[in-house]
Every structure is written in C-alpha cells, then in structure tokens.
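K.L.:
One structure coming up, written as structure tokens, with questions to follow.
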Amino acid sequence: MKKIEAIIKPFKLDDVKEALNGIGIKGMTVSEVKGYGRQKGHKEIYRGAEYIVDFIPKAKMEIIVDANQVDEVIETICQAANTGKIGDGKIFVLPVEEVVRVRTGEKGKEAI
Amino acid sequence: MIDTGDTAFIIAAAGLVLLMTPGLALFYGGMVRSKNILGTILQSFIMISVISLEWVYIGYSMSFGPDVGGFIGDLSWFALNSVTSEPSANYATTIPQNVFMIYQCMFAIITPALITGAFAERMRFGPFLVFSLFWTVLVYNPVCHWIWGVDGWLGSKGVLDFAGGLVVHLTSGAAALAAAIILGPRKGYGKDSFMPHNLPMTLLGTGLLWFGWFGFNGGSALAADGIAASALVATHLGGMAGMAMWTLVEWLHRGKPTTLGAASGAIAGLATITPAAGFVGPNAAIVIGLLAGAGCYYGVTLKGRLGYDDSLDVVGIHGLGGVMGTICLGIFASTAINPGGADGLLAGNPAFLGTQLFGVLVVGAYAFILSWVLLKAVDAVMGLRLELDSEVSGLDLSEHSETAYS
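Dropping the structure here:
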C-alpha cells in the first residue's frame, strides 16, 4: 500500500477529485496548505507599500491506494491538475505499513 | 433661548460622534494581526469610559469653563456644577448646556483613541490607560480651550478650526509620532510583513466613521442651520475626493487599486476637511479632499524612509490631514460661506493663512512635546512596552486572556 500526497493548485481540486472518482478512487483527505517552490511567492500592496508573501495557498490531497494503482493515480492527477504554468505542484509517494478501518477493525487492502 | 430643532440636531449628532469610536475600533482592528484584534478594539472602546469620567469631573470645565489667562478653563464647573439643561451664555446658546457638554465629550473620547493606532500591537494596557487619561488632561483640554473656549488665546488670535483639525487630528497625530518613536518598532518590523488580518472589518469601520463624521462636522455648527448644511456637504465631498485620489495615486504608483487604499483615502479626506468644513464651499472641499488623498498617501510612505513604526498610520493620515486641512482653510476660507469665519488667501487675505500656520506650529509643538514628556514619565514609572514573549503571543492572550477567533 502506498500513500500519495499531491500538492496542487486549489482551483484544480474539483477537477482532480472528479478524475480520481473516474478511476475508482473511493476516498481522500484534503487540506488547505501554504508553501512555495520554484513559483516563489506573490506580491501584496498595503497603503502604497509592497510586500512579498512567500507562502502561497495550495491544496494538499492524501490518498491511500494499493501499490499496483499508484502509476494510474499519478497519471490521472498529473493530467487533471496540469495548467502548464509554473506552480502546478508536486506528488509524493510514501510506503504505508498498515491501514485499519475503525468501525470494523478490518486491516490492509480491505480497509482502504 | 432653547431652539428645539437645534437641540434635536445636536442630540442626534452626539450619537453619531459616539459611534465613530466603535467605528475607529473596527477600522484599526481589521488592520492588526488576528492575535491583537481584541486588545486593539478595547483600546478605543475603553476610552468611552475613561474619558467620559474625566470629562464630567474636570475635562469639560478645563476646556470650556471660565477662562484663566487664555490658557485653560478653571474648575468651577467641577462635576458639572451649574451645567444644566439651561443654555450656556457663551456656547451653543440655543441648546441645553448639558447637550453641548455631552456632544463635546464625544470629541474628547475619540481623540486619544486615534493615538492608539501608532503603538498598536505592543503597548501594555495599564500604562496605556494612565497615558490616555493624563494626555487628555494635559494636551486635549488645554488645546481645546485655546481654540474653542471663550477667550482661549489661539481663538482670540483668529486661528480657526471648525471641527477639530487642530484640536483632534493634529494633537493625536503629534502624540502618535512621539509614541511611535518612544515605543520603538514592533518585533520583526522591516523584516516580517505585518498584513491586515481582516480588511472587510476595516472597511466596515470606515463606513461607520464616515457616517459619524456628518455629526462630527455637521454638528460642529452647533445649530441646525445653513452652516451645518454647508459643513455636511463639504464633509461628504472631502471624503469622496480623498478616496478617489488615494485610489488613483496608488493605482498609478503600484499598479493596483486597493480596498485599504480606498478606506485610507476616505479617512484622509474626512480628517483633512474637518477644520475647514463649515468655512469653505463645495468646490474648495473637493480640492481639499483631492489634496488629502495624494498628500496623505505620500505621508504614510514617509515612515518607511524615516524608520519609525507608526503601525496604523496615525501620523500620515490624521496628523498630516489636520495640518493640511488647517492650512487649506487659510487658503480657501470664505465669509460668503460663513460670515462668522474668515476670508483666506484666495479671497485676498494672506494674513489669515499666516494665522493658521501659526496655529499649526503652536499646537503641533505643544502636543508633541507634552506627549513626549508624558510618555517618558509613564514609561519610567510603569513601563509602556509589552514583554517580548507577550508581544509574540499577542495582546489578546497576554493582556486580556481572550481569543477573538476560536
């Protein structure tokens, strides 16, 4: 089992969610996060003074999948989240040792 | 003799001016970081209690009581002794004197509240109360008497201030400059960015201030008459022109028109028209508002160059607005608008411009020096500045054990 963490542009969240539903992904966890990469921050203006804001808003989605689904999920996210402009985000894949469904106590792939 | 129309108007105007202090609290509150919002709001709100108490016991008598040497009123009206529903012989002679007293009280309340923007996010609450109380006694009351008191020495010299360009805005602006220098910058100033945490709140405050300003300037005619009407029109035109000009200048200078710029320009225009409101015509009011929008925009950029942390721009907007408005009055005043006023430079009377400049210098210097001494004294006895860890955790938690947003 793997955990896929995708940092994407917030306005692409719905598109990515729909695309993942389309390939049978049944759940995800989403959070509003802030950060920066090569895109760097943006400029804000208060009373005639300019400030550089380093951290810009992004959406982070966390999805747990079976190892054999990882490539398909990554491809789907890359397609749906792509705008072609700098700041489209990143995807991280991490190993997951165990998954437990709280209600039934099921473990492993059955619990995803 | 009591005129019921005048009385009803000033009673309503007193309510409008009171509302400006909560409006100011929101105007300032939106501009600080979320950890300081309650402390910032309370610094304005609590002035309603502190200064009202001061006003009924000594403030009103010091400001408007029987004159002593042109400098101050005596204390014979202590605790409103002889201040009744009968009209005063000298002030607002067509309304009950207690209505005049409470209307003037609202001006005394908002003036020290204005200063709080300069030391926002870093001053301890107790020393702040002590400073505000003594500042009102030592700065506001005398200056109010000099200009608006019968036989006050600046008023006798011909200095005019319709609704508080000198008495309210310059005194608070000068105190703000002293406070920003003495307290020093906030931790991280110049390195971190201090962005407003809730600009819609600031815009709401701006709306309430603008609404209240009709009572502040219109009511300063102290009668429901033609002068009140021209003051009301001038006030609105000054505010709208200030907002338009600031927005335009910022758009040209920084590439975007901003909401905080619009709000700042409106307040700059309203503050700047204040001393002139009942003495100038509508066209002059628009010019004054436009000058305010551009001038105060420049004014708030000064702090970056001079290095003091006037957190919410009291100096750049209220101080500079008070100065510009008082000088503009020396240029644009017309007895065609107000026969009880004066003619200014454009009406062929350059001497009046000199009188107004003199008023600016005297009031600015007095307010700055007294504020400086008072702040140093309170600092020595109590300590003005929050401990560093309290400043980092914020006023709300460290001074009031509260959180605004949970």
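Chains as they are written, first to last, in the numbering used here: chain A, 600 to 711; chain B, 1348 to 1753.
For each residue, glycine too, the CB sits at the ideal point set by N, CA and C.
Every value quoted in this text rests on a predicted model; they were computed, and no experiment measured them.
Determine the chain A residues that contact residue 1644/B at a beta-carbon separation under 7 Å, and present them in chain order.
P.N.:
Going along chain A in sequence order, the residues near residue 1644/B (Cβ under 7 Å) are 647.
K.L.:
Output yes if chain B places a C-beta closer than 8 Å to the C-beta of residue 643/A; else output no.
P.N.:
With 8 Å as the cut-off, residue 643/A counts as an interface residue toward chain B.
K.L.:
Between residue 612/A and residue 1378/B, what straight-line distance do the alpha-carbon atoms span, to the nearest angstrom?
P.N.:
If I take the Cα positions, the gap works out to 31 Å.
K.L.:
Please identify, using Cβ separations under 9 Å, the residues of the stretch 1594-1616 of chain B that lie next to chain A, in order along the chain.
P.N.:
So the list reads 1596, 1597, 1600, 1601, 1602, 1603, 1605, 1607, 1608, 1611, given in the order they occur along the chain.
K.L.:
Exposed or buried, residue 694/A, counting other C-beta atoms within 10 Å across all chains shown (16 or more means buried)?
P.N.:
That one is exposed.
K.L.:
In chain A, which residues lie with their C-beta within 8 Å of the C-beta of residue 1651/B?
P.N.:
Chain A residues near residue 1651/B: 648.
K.L.:
Within 10 angstroms of the Cβ of residue 1454/B, are there 16 or more other Cβ atoms? Answer buried if so, exposed if not.
P.N.:
Residue 1454/B is buried by the Cβ-count criterion.
K.L.:
Got a sec, what are the start and stop residues for the beta strand (DSSP E) residue 655/A sits in?
P.N.:
Element bounds for residue 655/A: 655-664.
K.L.:
Can you name the residues of chain A whose CB is closer than 8 Å to the CB of residue 1709/B?
P.N.:
What residue 1709/B touches in chain A: nothing, since even the nearest Cβ is about 30 Å away.
K.L.:
Less than 8 Å separating the beta-carbons of residue 1347/B and residue 1629/B?
P.N.:
There is simply no residue 1347/B to check, as chain B begins at 1348 and stops at 1753 in what is shown.
K.L.:
Using a Cβ cut-off of 7 Å, which residues of the stretch 1535-1551 of chain B contact any Cβ in chain A, in chain order?
P.N.:
From the stretch 1535-1551 of chain B, only 1540, 1542, 1543 have a Cβ closer than 7 Å to chain A.
K.L.:
Do residue 1761/B and residue 1418/B have their CB atoms nearer than 8 Å?
P.N.:
Not covered by the structure: residue 1761/B. The range shown for chain B is 1348 to 1753.
K.L.:
Under the assumption that residue 600/A contacts residue 711/A (Cβ atoms under 8 Å), give the Cβ distance between them as a whole number of angstroms.
P.N.:
Going by Cβ atoms, the distance from residue 600/A to residue 711/A rounds to 7 Å, so yes, they are a contact pair.
K.L.:
Who are the neighbours of residue 1648/B on chain A, taking C-beta pairs under 9 Å?
P.N.:
Those are 646, 647, 648, listed as they occur along chain A.
K.L.:
Quick one: is residue 637/A buried, meaning 16 or more other Cβ sit within 10 Å of its Cβ, or exposed?
P.N.:
Residue 637/A should be labelled exposed.
K.L.:
Starting from residue 650/A, trace the beta strand (DSSP E) in both directions and tell me its first and last residue.
P.N.:
Start and end: 648-652.
K.L.:
Flag this pair as yes or no: are the beta carbons of residue 1367/B and residue 1556/B separated by less than 8 Å?
P.N.:
Against a cut-off of 8 Å, the Cβ pair of residue 1556/B and residue 1367/B comes out as a contact.
K.L.:
Which parts of the stretch 1600-1671 of chain B are runs of the alpha helix (DSSP H), unbroken and 4 residues or longer, counting only runs that do not cross its ends?
P.N.:
Runs of the alpha helix (DSSP H) inside the stretch 1600-1671 of chain B: 1606-1620, 1629-1653.
K.L.:
Can you name the residues of chain A whose CB is closer than 7 Å to the CB of residue 1660/B?
P.N.:
Within 7 Å Cβ-Cβ: 646.
K.L.:
Could you compute how far the alpha carbon of residue 617/A sits from the alpha carbon of residue 1382/B?
P.N.:
The alpha-carbon atoms of residue 617/A and residue 1382/B are separated by roughly 38 Å.
K.L.:
Pull up the distance between the alpha-carbon of residue 1513/B and that of residue 614/A, whole angstroms please.
P.N.:
If I take the Cα positions, the gap works out to 59 Å.
K.L.:
Straight-line CA distance for residue 1406/B to residue 1506/B?
P.N.:
Taking the straight line from one Cα to the other gives about 22 Å.
K.L.:
So which of 698/A, 702/A, 650/A has the shortest CA-CA distance to residue 1540/B?
P.N.:
Here the closest residue by C-alpha is 650/A.
K.L.:
Nearer than 7 Å: is that true of the beta carbon of residue 1429/B relative to any heavy atom of the ligand GTP?
P.N.:
This structure lacks the ligand GTP, and indeed carries no ligand of any kind.
K.L.:
Hey, out of 623/A, 645/A, 608/A, 671/A, whose CA is closest to residue 633/A's CA?
P.N.:
Checked all of 623/A, 645/A, 608/A, 671/A; the closest Cα to residue 633/A is 608/A.
K.L.:
Whole alpha helix (DSSP H) runs in the stretch 1668-1698 of chain B with 4 or more residues, listed along the chain?
P.N.:
As far as the stretch 1668-1698 of chain B is concerned, it has no whole alpha helix (DSSP H) run of at least 4 residues.
K.L.:
When we look at the beta-carbon of residue 1473/B and count the other beta-carbons within 10 Å, is it buried (16 or more) or exposed?
P.N.:
It counts as exposed.
K.L.:
Where in the stretch 1460-1490 of chain B do unbroken runs of the beta strand (DSSP E), each at least 3 residues long, occur, reported from the N-terminal end onward?
P.N.:
If we require 3 residues or more, the stretch 1460-1490 of chain B turns out to have no beta strand (DSSP E) run fully inside it.
K.L.:
Check whether the Cβ atoms of residue 1586/B and residue 1613/B sit closer than 8 Å, and answer yes or no.
P.N.:
In contact: residue 1586/B and residue 1613/B (Cβ atoms closer than 8 Å).
K.L.:
For the structure I just gave you, are there three or more beta carbon pairs, one from the stretch 1644-1653 of chain B and one from the stretch 1479-1494 of chain B, closer than 8 Å?
P.N.:
No: the two stretches stay apart, fewer than three of their Cβ pairs being nearer than 8 Å.
K.L.:
What's the call for residue 1400/B, buried or exposed, on a 16-neighbour Cβ count within 10 Å?
P.N.:
That one is exposed.
K.L.:
With three or more C-beta pairs closer than 8 Å as the rule, is the stretch 1664-1674 of chain B touching the stretch 1517-1526 of chain B?
P.N.:
Verdict: yes, contact present.
K.L.:
Could you check if residue 1738/B is buried or exposed, using at least 16 other CB atoms within 10 Å of its CB as the buried criterion?
P.N.:
Residue 1738/B comes out buried.
K.L.:
Cα-Cα, which of 1609/B, 1726/B, 1616/B, 1677/B is closest to residue 1516/B?
P.N.:
Closest option to residue 1516/B, Cα to Cα, is 1616/B.
K.L.:
Which residue from 1370/B, 1358/B, 1356/B, 1599/B puts its Cα closest to that of residue 1558/B?
P.N.:
The candidate whose alpha carbon is nearest that of residue 1558/B is 1370/B.
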